[in-house]
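Enquirer: In my numbering, the protein residues as written are 245 to 330. Built from N, CA and C at the ideal position, the CB exists for glycine as well. Here's a structure for you.
In structure tokens:
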């Protein structure tokens, strides 16, 4: 679920809750190249997390959200998103 809020961070438009999954989502291999420097343990955990993307209007892997240009930050299980179209 995403919420339209007053801007708290620079350019923030949406707050999106991160959801934990039992099985990891399929991730595009190109995205894994972008996050090559992260530890394998952290990558494994990120693959098992998903968000309801306010731009795409679908459930996507957190790794896809993390590499998106609209991603601002993640704090305590909440992703701050700019919400701009691609």
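Given residue 290, which residues of its chain have a CB within under 6 angstroms of its CB, disregarding the five upstream and five downstream residues?
Expert: The residues are 306 and 307.
Enquirer: To which residues of the same chain is residue 278 closer than 7 angstroms at the C-beta, ignoring the five residues directly before and after it?
Expert: If we look at residue 278 and ignore the five residues flanking it on each side, its Cβ neighbours are 311.
Enquirer: In chain order, which beta strand (DSSP E) runs of at least 3 residues are fully inside the region 259–327?
Expert: Correct list: 293–296, 303–305, 315–319 and 322–325.
Enquirer: If you check the beta carbons only, do residue 295 and residue 319 fall under 8 angstroms apart?
Expert: Contact flag unset, no.
Enquirer: Determine the burial state of residue 293: buried for a count of at least 16 other Cβ atoms within 10 Å of its Cβ, exposed for fewer.
Expert: Buried: at least 16 other Cβ atoms inside 10 Å.
Enquirer: Classify residue 298 as buried or exposed, calling it buried when 16 or more other Cβ atoms lie within 10 Å of its own Cβ.
Expert: By the 10 Å Cβ count, residue 298 comes out buried.
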